[in-house]
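One line per chain: the protein sequences are U and R, in this order.
Per the numbering used here, the very first residue in the first sequence carries number -13; after that it's consecutive.
Per the numbering used here, the very first residue in the second sequence carries number -13; after that it's consecutive.
Ideal placement from N, C-alpha and C gives every residue a C-beta, glycine not left out.
Keep in mind it's a predicted model, so treat the numbers as computed, not measured.
So the structure is just underneath, and the comments pick up after that.
There are 2 protein chains.
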Amino acid sequence: MSEADVKELLWRNPLFMSLPDAALDEVLFASKLRKIPAKTTIFHQGDIPKEMVALGNGIVKVWQMRSGGATATIHVLGPGDLIGATAVFGRLPLLATATTVTDCVLLSWAVALTHDLMERFPVIRLNALGYVSLHAEELVQRLGEMATERVEQRIARSLLRLADHIGLAASGGVEIGYPLSRQDIAEIVGTDLYVVSRVLHDWTDRGFIMAGRLRIILCDRERIEQIATEGR
Amino acid sequence: MSEADVKELLWRNPLFMSLPDAALDEVLFASKLRKIPAKTTIFHQGDIPKEMVALGNGIVKVWQMRSGGATATIHVLGPGDLIGATAVFGRLPLLATATTVTDCVLLSWAVALTHDLMERFPVIRLNALGYVSLHAEELVQRLGEMATERVEQRIARSLLRLADHIGLAASGGVEIGYPLSRQDIAEIVGTDLYVVSRVLHDWTDRGFIMAGRLRIILCDRERIEQIATEGR
DNA sequence: CGCAAGATTGAAGGACATCAAAGGGCGTGG
DNA sequence: CCACGCCCTTTGATGTCCTTCAATCTTGCG
């Protein structure tokens, strides 16, 4: 990956938008680039983060191991997303573990350096505030859904979000852009893989989706949106 | 309420901590103070906020009306908390309605003014970033709980949070500092008032709490924490 | 005292979780 | 290249937690 490519990554990152070119160069110079394989843990739940990480390429899952052995997936991140940002910005311990799902390209900055950059280039802090605020609003939305909606509805919402966030155009619809098992979906919506299997099968019969092994294509977005909002 | 009192409010507010005295005066001068009665709506779900609001005194409930008629309570705010902060900082529409539970004293700043103050006093923006980050982490935690835990466990967690946040010392324990019905708790944890009633009654029998009409006192914090973490 | 709002309690039903077992893809190694 | 084995998926049966409905009881207040 060339320096120009990395600069392109930065340029499109929500944190560094509207940054003057000279400043961008400095951020670039201060960054550390690394590639890591799938199923590698970047941050561990409970740790104090030592660096701020931006995802250049690949998919990262942010999840919690909870008492009783259950695991909850908090977020599925794609290119451009920040990892552990709230912990770094708030100087807080991490509440979740971040693990790569696919091979990934990461950009990182040591915590002190991150704060230093924000101090020197106020636009970055402005962007950070906007990013975290947006993130918080999404969490509010999901909390409301979790509190009031049924499993089928929540599955619909999750798939729509995944499609919008990391979806790929496919023949006959939008495909979720990474291997996604029934278990994975279950951990996102807070249920078990059996319920997910039944729901997806039902939707397949009705022609809303095409579901394969580790693979889901949304065919009829309208109908899925209908399920997401109306519940049936 | 005297000017000195208001300044005291600001001084303790998470957004204006570590602010030089002169700057604090300016913030104070730019602020608008108002008192509003209980059960008044401050922000409406879906609106674009016109001002940033800090809660000086009283209790405010932040809640969503959801399709199907269900309502979910996102947050119960007490003195010092910000209302609609993420929407203002992220220039986003509000995802929830904010309604006063008790009579309240509010401090507010027009949106443009808020951004202007942050621009001129970078410490405020730094504080804002920390505040929103902390808020986001709490939401992550609650999302994980909602996804994996049973109702009784979630009730325990809610009561502990309420006690820590707006609890008052009472004879025999900590009392939740405002009128709180079974229905209110149900909307916080995502269930119905009947389940809440049964659980609270059970806890009363076991001596963990004292539950009255619109009134709850936590007697045995240890045991409630145990329920919150272990599930029984 | 009587009313209204909150709280309790029982019964019945439904959505979901759990357990068990069998049926496919897909990669790997013989 | 085929067969084996692993992992993902499906499907049924069963149990339970929770929701819903209905009715009664309590409490505080006008």
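{"query": "Proximal residues, the stretch 51 to 81 of chain U versus chain R, C-beta separation under 9 angstroms", "result": "52, 53, 54, 56, 57, 58, 59, 60, 61, 71, 72, 73, 74, 75, 76, 77, 78, 79, 80 and 81"}
{"query": "Unbroken beta strand (DSSP E) run spanning residue 10 of chain U, endpoints", "result": "Here residue 10 of chain U belongs to no beta strand (DSSP E); instead the alpha helix (DSSP H) covers 7 to 16."}
{"query": "Closer than 8 angstroms to chain R by CB, residue 114 of chain U", "result": "yes"}
{"query": "Chain R residues whose Cβ lies nearer than 7 angstroms to that of residue 127 of chain U", "result": "81"}
{"query": "Residue 73 of chain U: CB within 7 angstroms of a non-hydrogen atom of the ligand NAP", "result": "The ligand NAP is not part of this structure, which contains no ligands at all."}
{"query": "3-residue-minimum beta strand (DSSP E) runs that sit fully inside the stretch 109 to 160 of chain R, ordered along the chain", "result": "153 to 156"}
{"query": "Whole-Å CB distance - residue 100 of chain R paired with residue 38 of chain R, under 8 angstroms assumed", "result": "4 angstroms"}
{"query": "CB contact check: residue 120 of chain U to chain R, cutoff 8 angstroms", "result": "yes"}
{"query": "Chain-ordered chain R contacts of residue 108 of chain U [CB-CB under 7 angstroms]", "result": "108"}
{"query": "Contact list for residue 3 of chain R against chain U, beta-carbon separation under 8 angstroms", "result": "Those do not exist, as residue 3 of chain R stays about 14 angstroms from chain U at its closest Cβ, beyond 8 angstroms."}
{"query": "Neighbourhood of residue 214 of chain U by C-beta, 7 angstroms cutoff - its chain only, sequence neighbours within 5 removed", "result": "139, 142, 143 and 146"}
{"query": "Where the stretch 142 to 166 of chain R meets chain U: residues whose CB sits under 9 angstroms from a CB there", "result": "none"}
{"query": "Length of the line joining the Cα atoms of residue 46 of chain R and residue 97 of chain U", "result": "35 angstroms"}
{"query": "Three-pair Cβ contact test at 8 angstroms for the stretch 146 to 163 of chain R versus the stretch 189 to 204 of chain R", "result": "yes"}
{"query": "Residue 86 of chain R - partner residues in DSSP beta bridges", "result": "R:46"}
{"query": "Interface positions of the stretch 15 to 49 of chain U facing chain R (Cβ-Cβ less than 9 angstroms), listed along the chain", "result": "48 and 49"}
{"query": "Proximity test, Cβ basis, 8 angstroms: residue 216 of chain U and chain R", "result": "yes"}
{"query": "Euclidean distance between Cα positions of residue 120 of chain R and residue 133 of chain U", "result": "21 angstroms"}
{"query": "Interface partners of residue 111 of chain U on chain R, CB under 8 angstroms", "result": "108, 111, 112 and 115"}
{"query": "Of the residues U:23, U:169, U:166 and U:109, the one placed nearest residue 1 of chain U, counting alpha carbons only", "result": "U:109"}
{"query": "Partners in chain U for residue 84 of chain R, counting only beta-carbon separations shorter than 9 angstroms", "result": "Residues of chain U passing the Cβ test: none, with the nearest at roughly 12 angstroms."}
{"query": "Short CB-CB distance (under 8 angstroms) between residue 211 of chain R and chain U", "result": "no"}
{"query": "Check whether residue 72 of chain U and residue 118 of chain U have beta carbons under 8 angstroms apart", "result": "yes"}
{"query": "Touch test, the stretch 12 to 19 of chain R against the stretch 86 to 97 of chain R, Cβ-Cβ under 8 angstroms, three pairs minimum", "result": "yes"}
{"query": "Interface flag, residue 219 of chain R vs chain U, CB-CB below 8 angstroms", "result": "Past the edges of chain R, shown from -13 to 218, lies residue 219 of chain R, and the structure says nothing about it."}
{"query": "Close-in-space but distant-in-sequence residues of the same chain around residue 24 of chain R (CB under 7 angstroms, 5 per side omitted)", "result": "86, 87, 88 and 89"}
{"query": "Proximity to residue 69 of chain R [Cα-Cα], best of U:-2, U:77, U:199 and U:123", "result": "U:123"}
{"query": "For residue 26 of chain U and residue 91 of chain U, the rounded distance between their alpha carbons", "result": "12 angstroms"}
{"query": "Three-pair Cβ contact test at 8 angstroms for the stretch 75 to 82 of chain U versus the stretch 4 to 15 of chain U", "result": "no"}
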